[in-house]
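**Q** Here it is, the structure, as structure tokens.
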Amino acid sequence: MERSSGIIENKFIFISKLIFPFAFSFFISVLYRTSTSVLSPYLITDFSLSAADLGLVGSSYFIAFAIAQPPLGVALDRFGARRTLSILLLFAVCGSLLFSKAYLTWHLIVGRGLIGIGVSGCLMAAFKAYKEWLTNEELPLVNSYQALAGGLGAIIATQPIHVALAFIHWRELFYILATITFIAALLVYKMVPQKSREGSTGEPIRMQFMAVVHIARSAKFWQITPAATMVQASFIALNTLWVGPWLKDVYRMDISEVAFSLMIISIAVCSGYFLNGLIAHKLRLFGISTESVCKAGMVVFTTALGCIGILENKAGVLSWVLLMLSGPFSLLAYSLLVIMFEKNLAGRVITLYNFMVFVTVFFIQWVTGIIINLWPPMDSGYHPQGYQAAFLVLFLLNAAMLLWMVLYKVESILWLTNWCGRKLSRLKG
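Here it is, written out as structure tokens:
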């Protein structure tokens, strides 16, 4: 009995040492990512940013994040999560310091881009390490703990940051974030358990990159990734940038009300991050698959997005709460993907998917700003009809990807192809 108790205690200590550095790093990553919603009024004032400029500054983080994903996947499989992430976080330190010194718009873009590169491995390195050390049954629940840390980062990036900005300048805030990020890099390097042979350095780098092509050409990879990519990218793009301006310009809230509403919405995000893995774990006991839970969450998200786009200012903050509560369920796609392929491909599988997500986030944030700019700005901010048009476009894209997910079966695709062929033949006839 004592031996069993000791084994459980040792297991708990081991998992804590494994989870804490990665969770803390992801907390910082989401804090950087989400803080733009609260910072946007200050940046707009200090740099005279248009909606398109703001979208570009916000999305520069995501395009840099996305570009880092293919080499990140190879680095994770070759050198291991511990070494890869501890080095990457130093880029975020540099980016945060540059952002704090910015006096031109391009300084903001480059600084935020460096931050994006630096934190690009916080979630993927964790998933890679968890896949190596834990069982498939433990993954959804442990991944939800990891995501919960990100939800806490999203909460801190709202009302607490707003309150902090009453005492310090936003530039000083980024000095502090740079220091915290450096501490995170040290924690990852010192605390994360190291395998006797970390990574896989024997396989040539060219072959490791070719494995990414092999994954991308696999039919099973495309079963759920288009819908999951669009839902997760929409969730991130709105949560990290456009929800704040929407609350100010469409709901006519002042900065304090926006910050408080963002905190409520972020609590929903945090709850969604935690509940997605917990619900999937519990429902497996009743024979309901993780894939079914993931798909149900994506349907709820798309429905809530449609309500916000159609009802505009009548939708209310509760619609945003439902949207942000259901959005994190798309993260279950990571757990689904890592068990579809061999363990030695885990890093490249999830970073390929992550690349797709963050390229999509970049375009959603930027194009949303371009669509909003099609309407002339009002004295109080950007035009509400511009937001409505942008959100309706986003809703239609999500609905189209959900339709793809429903139809993506060999039999369905063959039937659809034959049906289209018959219709074309009749038209030619």
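Going by the working numbering, the sequence shown opens with residue 7, and the numbers climb by one from there. No residue lacks a Cβ here, since even glycine has one placed at the ideal position from N, Cα and C.
In whole angstroms, what is the alpha-carbon distance linking T296 and G387?
**A** Counted from its first residue, the sequence shown places residue 296 at position 290. Counted from its first residue, the sequence shown places residue 387 at position 381. Computed Cα separation, rounded: 42 angstroms.
**Q** Could you tell me the alpha carbon to alpha carbon distance between L154 and N245, rounded to whole angstroms?
**A** Indexing the sequence shown from 1 puts residue 154 at position 148. Indexing the sequence shown from 1 puts residue 245 at position 239. Computed Cα separation, rounded: 15 angstroms.
**Q** Helix, strand or coil for S10, going by three-state DSSP, please let me know.
**A** Here residue 10 corresponds to residue number 4 of the sequence shown, with the count starting at 1. Low confidence applies to S10: its pLDDT is 42, below 50, so where it sits in the model is not reliable enough to give any reading.
**Q** Pop quiz: I161 and S92 are said to be a contact at Cβ under 8 angstroms. What is the actual Cβ separation, rounded to whole angstroms?
**A** Here the question's residue 161 lines up with position 155 in the sequence shown. Here the question's residue 92 lines up with position 86 in the sequence shown. Contact doesn't hold; Cβ gap of about 26 angstroms is too wide.
**Q** Opposite G387 in the DSSP bridges: which residues?
**A** In the sequence shown, residue 387 corresponds to position 381, counting from 1. According to DSSP, which records beta bridges pairwise, G387 is partnered with M384.
**Q** Report yes if the C-beta distance between G117 and L104 is below 8 angstroms; otherwise report no.
**A** Within the sequence shown, residue 117 is the residue found at index 111, counting from 1. Within the sequence shown, residue 104 is the residue found at index 98, counting from 1. Yes, the Cβ-Cβ distance between G117 and L104 is below 8 angstroms.
**Q** Report the three-state DSSP secondary structure of S31 (helix, strand or coil).
**A** Sequence index remark: in the sequence shown, residue 31 carries index 25 (1-based). S31 falls in the helix class under three-state DSSP.
**Q** Using CA atoms only, rank isn't needed, just tell me which of C313, P47, Y414 and K288 is closest to T164.
**A** Translated into positions along the sequence shown, residue 164 becomes position 158. Taking only the C-alpha atoms, the option nearest T164 is P47.
**Q** Answer yes if the segment 231-243 comes into contact with the segment 356-375, meaning at least three C-beta pairs across the two stretches below 8 angstroms, and no otherwise.
**A** The answer is yes - the segment 231-243 touches the segment 356-375, with three or more Cβ pairs under 8 angstroms.
**Q** Which class does A108 belong to by DSSP, given the choice of helix, strand or coil?
**A** Translated into the one-based positions of the sequence shown, residue 108 becomes position 102. Here A108 sits in coil by DSSP.
**Q** Distance, Cα to Cα, M197 vs K137?
**A** Working through the sequence shown from its first residue, we reach residue 197 at position 191. Working through the sequence shown from its first residue, we reach residue 137 at position 131. Straight-line Cα distance between these residues: approximately 17 angstroms.
**Q** I'd like the list of long-range same chain contacts for T40, defined as Cβ closer than 8 angstroms, with 5 residues on each side in sequence excluded.
**A** Working through the sequence shown from its first residue, we reach residue 40 at position 34. Within the same chain, T40 has close Cβ partners G159, A160, A163, T164, N245, T246 and S272.
**Q** With H, G and I counted as helix, E and B as strand and the rest as coil, what does DSSP make of S298?
**A** Counting from 1 along the sequence shown, the entry for residue 298 is found at position 292. The answer is helix: DSSP assigns S298 an H, G or I state.
**Q** For F401, which residues in the same chain have their Cβ closer than 6 angstroms to its Cβ, ignoring the five residues on either side in sequence?
**A** In the sequence shown, residue 401 corresponds to position 395, counting from 1. Contacts found: L311, G312 and G315.
**Q** For the candidate residues I34, Y38 and C128, whose alpha-carbon lies nearest to that of I356?
**A** Start at 1 with the first residue of the sequence shown, and residue 356 comes out as number 350. The residue with the shortest Cα to Cα distance from I356 is C128.
**Q** Which value, in whole angstroms, describes the spacing of the CA atoms of L55 and N379?
**A** Along the sequence shown, read from residue 1 onward, the residue named residue 55 stands at position 49. Along the sequence shown, read from residue 1 onward, the residue named residue 379 stands at position 373. Between L55 and N379, the C-alpha separation is close to 12 angstroms.
**Q** Verify whether the separation of the beta carbon atoms of C300 and A339 is less than 8 angstroms.
**A** The count along the sequence shown starts at 1 and reaches residue 300 at position 294. The count along the sequence shown starts at 1 and reaches residue 339 at position 333. Cβ atoms of C300 and A339: closer than 8 angstroms.
**Q** How many angstroms separate the CA atom of W410 from the CA atom of H175?
**A** Along the sequence shown, one-based indexing puts residue 410 at 404. Along the sequence shown, one-based indexing puts residue 175 at 169. Answer to the nearest angstrom: the Cα atoms are 47 angstroms apart.
**Q** What's the gap between the Cα of W372 and the Cα of T309?
**A** Locating residue 372 in the sequence shown gives position 366, counting from the first residue. Locating residue 309 in the sequence shown gives position 303, counting from the first residue. W372 and T309: Cα-Cα distance of roughly 23 angstroms.
**Q** For Y359 and L281, what's the separation of their Cα atoms in angstroms?
**A** As a position in the sequence shown, residue 359 is number 353, starting the count at 1. As a position in the sequence shown, residue 281 is number 275, starting the count at 1. Distance between the alpha carbons of Y359 and L281: 22 angstroms.
**Q** In chain order, what residues of the same chain lie with their CB nearer than 8 angstroms to the CB of V148, ignoring the 5 residues before and after it?
**A** For the purposes of this step, residue 148 is taken as the residue at position 142 of the sequence shown. Only I21, I25, Y136, L140 and G283 meet the Cβ criterion.
**Q** Reducing DSSP to helix, strand and coil, say where H113 ends up.
**A** For this step, residue 113 is matched to residue 107 along the sequence shown. DSSP places H113 in helix when its eight states are reduced to three.
**Q** For the candidate residues A74, I34, L120 and G79, whose alpha-carbon lies nearest to that of V344?
**A** As a working mapping, residue 344 is identified with position 338 in the sequence shown. When each option's Cα is compared against that of V344, the closest is G79.
**Q** State the start and end residues of the unbroken alpha helix (DSSP H) segment that holds L136.
**A** Reading the sequence shown from its first residue, position 130 is the one you call residue 136. Looking at the sequence itself, residue 136 is Tyr, so the reference to Leu does not match. First-last of the alpha helix (DSSP H) with Y136: C128 to W139.
**Q** What separation, rounded to the nearest whole angstrom, lies between the Cα atoms of Y151 and V63?
**A** Walking along the sequence shown from the start, residue 151 turns up at place 145. Walking along the sequence shown from the start, residue 63 turns up at place 57. Distance between the alpha carbons of Y151 and V63 is about 30 angstroms.
**Q** Tell me whether I182 is buried or exposed, calling it buried when 16 or more other Cβ atoms sit within 10 Å of its Cβ.
**A** Taking the first residue of the sequence shown as 1, we reach residue 182 at position 176. Exposed.
**Q** Would you call V292 buried or exposed, if buried means 16 or more other Cβ atoms sit within 10 Å of its Cβ?
**A** Walking along the sequence shown from the start, residue 292 turns up at place 286. Here residue 292 turns out to be Phe, not Val, going by the sequence shown. So F292 counts as exposed.
**Q** If you measure between the beta carbons of S332 and G375, is that distance less than 8 angstroms?
**A** Residue mapping note: residue 332 aligns to position 326 of the sequence shown, counting from 1. Residue mapping note: residue 375 aligns to position 369 of the sequence shown, counting from 1. Going by C-beta atoms, S332 is not nearer than 8 angstroms to G375.
**Q** Ordered along the chain, which non-local residues of its own chain (more than five positions away) have a Cβ less than 7 angstroms from that of V256?
**A** Position 250 of the sequence shown holds residue 256. Here the set comprises E318, N319, P390 and Y393.
**Q** Can you look up G392 in the DSSP assignment and give me helix, strand or coil?
**A** Position 386 of the sequence shown, counting from 1, holds the residue named residue 392. Residue state, collapsed to three classes: helix.
**Q** Alpha carbon to alpha carbon, what distance is there between V327 and F53?
**A** Taking the first residue of the sequence shown as position 1, residue 53 is located at position 47. Taking the first residue of the sequence shown as position 1, residue 327 is located at position 321. For F53 and V327, the distance between alpha carbons rounds to 31 angstroms.
**Q** Going by DSSP in three states, A286 sits in which element: helix, strand or coil?
**A** Taking the first residue of the sequence shown as position 1, residue 286 is located at position 280. It is helical.
**Q** What residue does the alpha helix (DSSP H) around T366 start on, and which one ends it?
**A** As a working note, residue 366 is residue 360 in the sequence shown. Segment A352 to I378, the alpha helix (DSSP H) holding T366.
**Q** Specify the secondary structure class of T164 as computed by DSSP and reduced to three states.
**A** Numbered from 1 along the sequence shown, position 158 holds the residue referred to as residue 164. Three-state result, T164: coil.
**Q** With 16 other CB atoms within 10 Å as the buried threshold, where does M213 fall?
**A** By one-based count along the sequence shown, residue 213 stands at place 207. With fewer than 16 Cβ atoms within 10 Å of its Cβ, M213 is classed as exposed.
**Q** Between which two residues does the alpha helix (DSSP H) carrying L253 extend?
**A** Translated into the one-based positions of the sequence shown, residue 253 becomes position 247. It spans V249 to D255 - the alpha helix (DSSP H) in which L253 sits, taken as one unbroken run.
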